[in-house]
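Asks: Dumping the structure here so I can ask a few things about it.
Now the structure itself:
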């Protein structure tokens, strides 16, 4: 992304960036998705299979299931409060732990050449292990329940942030480090004004990966037997009752959640990596 | 007074500075000129305490340089990298004031005053990348001046600016020097520029192993002007002398 594109509202009308941004207007951008849903709807209706209900029915079912509650509960039903909120809470806790730990450790590892040399093989190894494979370990160590699930999410999601933050901090411009030395910035000042902002684009690249891993691990940890609530639990529970409509509704909810969370993270990134910043 | 006594520095097998001897009295604007790659930047970084010398000593007012000395400021050539793009112009300039401890409002006021002084009006809240190259270098100069340095090092500060902007900034530098009497070491590869801004010009030989090969006092009037000064016979004679010394080393 160019410096211009990061200005957000300040892109001059008629500029190349502006034209590129608006080349595909809002409605057109969504039209492919709408078309796909329409095809799905038509195909599902014509087949009439119980395994593949049409998307509108799924959406209505999802609405009845989770979003038709009283106004006082922001329209959330008991099912949503019992299953969706705990999932989101665990995911938020796991992701938050991963983000904070990943950024702090990443800065520490990235700023010290020795620490980086020593830790890099461990990091590459830890990152290479498929995260869901670790869940059984946590089940044994922590038993079923929220601590196990949060730990699984945090431990899996920490690596992308950590590795990317370390890379970003390591790539701090050496001339800028000389400037910091000449201005006699203290260690914390150098970290706050120089290293952290330099690493921010890489940190967010890591956070986006971690966010999607958090979602995956949230569902996966809830699929295991012994879970009592959550979106993953709703999935397995509905499947055992051959309630395919609820299975599809849960899948749709997960897709929307993933999209909304990623969009939110992108908005935070755009705010933090503000004007004047070149990629 | 800045004193370099037999300062030697190499990178691996590559000898860059070979027993440099140099004394800069207080308040002098010394131009250091030499062909590119002759170790001018290394010399400056060594004086700034960013690179230790292998041999020899550097003293400022009798105190040996170890680490970045107090009341020293540096202006680098690459303003785009030396300014922090995520901070506003004002925050960039106010950054070195933090350690002196005045409150935020006082720091901002001081930064804005110094910005006015280098000829920047109404850009305090902008970001560096929104300014032209010449303006960005003015911001870098403001940041260097804000702590009232007693020694200012400049590493080809105007090397990447267009001719007109460069002339304006040369005059700004002369004005600041005349007003503050700061000791300035000004590194450049431009012979005309070295004579125009300098009270004195030293010429470094080309590497490997740069030495001071010529030391020329500039006897031009203190009040200089881009058109008349550059037309003076004395100016032409000086630039010929310096130019010859630079070429001789080749």
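Protein chains in written order, with the working numbering: chain A, 1 to 279; chain B, 1 to 250.
Every residue, glycine too, gets a C-beta built ideally from N, C-alpha and C.
If you're wondering where the values come from, they're calculated on a predicted model, not measured in any experiment.
Give every residue of the same chain whose Cβ lies closer than 6 angstroms to the Cβ of residue 269 (chain A), excluding the five residues on either side of it in the sequence, and list them in chain order.
Replies: 204, listed in sequence order.
Asks: Return the CA-CA distance between residue 59 (chain A) and residue 68 (chain A), expressed in angstroms with no decimal places.
Replies: When rounded, the distance between both Cα atoms is 12 angstroms.
Asks: How about residue 42 (chain B) and residue 17 (chain B): do their beta carbons lie closer than 8 angstroms?
Replies: Yes; because the gap between Cβ atoms is below 8 angstroms, this pair is in contact.
Asks: Could you say if the stretch 3–21 of chain B and the stretch 158–176 of chain B meet the contact criterion of at least three C-beta pairs nearer than 8 angstroms?
Replies: No: fewer than three Cβ pairs fall under 8 angstroms.
Asks: For residue 40 (chain B), count neighbouring Cβ atoms within 10 angstroms of its own Cβ and tell me buried if that reaches 16, exposed if not.
Replies: By the neighbour-count rule (16 or more Cβ atoms within 10 Å), residue 40 (chain B) is buried.
Asks: Suppose you measure from the CA of residue 117 (chain A) to the CA of residue 109 (chain A); what does that come to, to the nearest Å?
Replies: Their Cα atoms are separated by approximately 9 angstroms.
Asks: Using C-beta distances below 6 angstroms, list every residue in its chain close to residue 105 (chain A), excluding the 5 sequence neighbours before and after it, in chain order.
Replies: Excluding sequence neighbours, residue 105 (chain A) sits near 162.
Asks: Nearest to residue 11 (chain B) by alpha carbon, out of B:114, B:208 and B:92?
Replies: Residue B:208 is the option with its Cα nearest to residue 11 (chain B).
Asks: Does the Cβ-Cβ distance between residue 120 (chain B) and residue 72 (chain B) come in under 8 angstroms?
Replies: Their beta carbons are not under 8 angstroms apart, which means residue 120 (chain B) does not touch residue 72 (chain B) by this criterion.
Asks: Identify the residues that DSSP records as bridge partners of residue 7 (chain B): which are they?
Replies: Residue 7 (chain B) is bridged to B:20.
Asks: I'd like the span of the beta strand (DSSP E) that includes residue 49 (chain B), first residue to last.
Replies: Run containing residue 49 (chain B): none; DSSP gives neither H nor E here.
Asks: Tell me, which residues are paired with residue 214 (chain B) by DSSP?
Replies: DSSP lists B:203 as partners of residue 214 (chain B).
Asks: Within the continuous beta strand (DSSP E) that includes residue 30 (chain B), where are the two ends?
Replies: That run of the beta strand (DSSP E) goes 29–33.
Asks: Considering only DSSP beta bridges, list what residue 110 (chain B) is partnered with.
Replies: For residue 110 (chain B), which the question treats as bridged, DSSP gives no partner whatsoever.
Asks: According to DSSP, is residue 14 (chain B) helix, strand or coil?
Replies: Looking at residue 14 (chain B) - three-state DSSP - the assignment turns out to be strand.
Asks: CA-CA distance, residue 262 (chain A) and residue 208 (chain A)?
Replies: If you take the alpha carbons of residue 262 (chain A) and residue 208 (chain A), they lie about 7 angstroms apart.
Asks: Excluding the five sequence neighbours on either side, which residues of its own chain have a C-beta within less than 7 angstroms of the C-beta of residue 210 (chain B), listed in chain order?
Replies: Closer than 7 angstroms at Cβ, skipping near neighbours: 16, 17, 18, 34, 38, 39 and 204.
Asks: Are three or more beta carbon pairs between the stretch 127–138 of chain A and the stretch 184–203 of chain A nearer than 8 angstroms?
Replies: Touching, no.
Asks: Touch check for the stretch 221–240 of chain A and the stretch 81–88 of chain A: three-plus C-beta pairs under 8 angstroms?
Replies: Touching, yes, given that three or more Cβ pairs across the two stretches are closer than 8 angstroms.
Asks: In the DSSP assignment, what are the bridge partners of residue 153 (chain B)?
Replies: Per DSSP, B:74 and B:185.
Asks: Among the candidates B:163, B:226, B:107 and B:132, whose CA atom is the shortest distance from the CA of residue 143 (chain B)?
Replies: When only C-alpha atoms are compared, the closest one is B:107.
Asks: Consult DSSP for residue 120 (chain B) and reduce its assignment to one of helix, strand or coil.
Replies: Residue 120 (chain B): coil per DSSP, three-state reduction.
Asks: Specify the secondary structure class of residue 258 (chain A) as computed by DSSP and reduced to three states.
Replies: Residue 258 (chain A) falls in the helix class under three-state DSSP.
Asks: Answer yes or no: does any C-beta atom of chain B fall closer than 8 angstroms to that of residue 229 (chain A)?
Replies: Judged by the 8 angstroms Cβ criterion, residue 229 (chain A) is not in contact with chain B.
Asks: In this structure, does DSSP put residue 131 (chain B) in helix, strand or coil?
Replies: Looking at residue 131 (chain B) - three-state DSSP - the assignment turns out to be coil, as it is neither helix nor strand.
Asks: Are residue 175 (chain A) and residue 104 (chain B) closer than 8 angstroms when you measure CB to CB?
Replies: In this structure, residue 104 (chain B) does not lie closer than 8 angstroms to residue 175 (chain A) by Cβ.
Asks: Could you list the residues in the stretch 195–207 of chain A with a C-beta less than 9 angstroms from some C-beta on chain B, going in chain order?
Replies: Those would be 197, 198 and 200, in chain order.
Asks: Residues of chain A with a CB under 8 angstroms from the CB of residue 78 (chain B): which are they?
Replies: In chain order: 175.
Asks: Give the DSSP-derived three-state secondary structure of residue 57 (chain B) in the structure shown.
Replies: In the structure shown, residue 57 (chain B) sits in a strand (DSSP, three-state: E or B).
Asks: Going along chain A in order, which residues have a C-beta closer than 9 angstroms to the C-beta of residue 43 (chain B)?
Replies: Under the 9 angstroms cutoff, chain A gives no residues; its nearest Cβ is about 15 angstroms from residue 43 (chain B).
Asks: Per DSSP, what kind of secondary structure is residue 232 (chain B) in: helix, strand or coil?
Replies: It is coil, neither helix nor strand.
Asks: If we define contact as Cβ-Cβ less than 8 angstroms, is residue 155 (chain A) a contact residue for chain B?
Replies: No - not a single Cβ of chain B is within 8 angstroms of the one on residue 155 (chain A).
Asks: How do the stretch 42–55 of chain B and the stretch 229–241 of chain B stand: do at least 3 beta-carbon pairs fall below 8 angstroms, yes or no?
Replies: Segments in contact, no.
Asks: In whole angstroms, what is the alpha-carbon distance linking residue 25 (chain A) and residue 45 (chain A)?
Replies: Those two C-alpha atoms are separated by around 31 angstroms.
Asks: Exposed or buried, what is residue 127 (chain B) when buried is set at 16 or more other beta-carbons lying within 10 Å of its beta-carbon?
Replies: Looking at its Cβ environment, which holds 16 or more other Cβ atoms inside 10 Å, residue 127 (chain B) is buried.
Asks: Let me know the secondary structure DSSP gives residue 78 (chain A) once reduced to three states.
Replies: Three-state DSSP puts residue 78 (chain A) in a helix.
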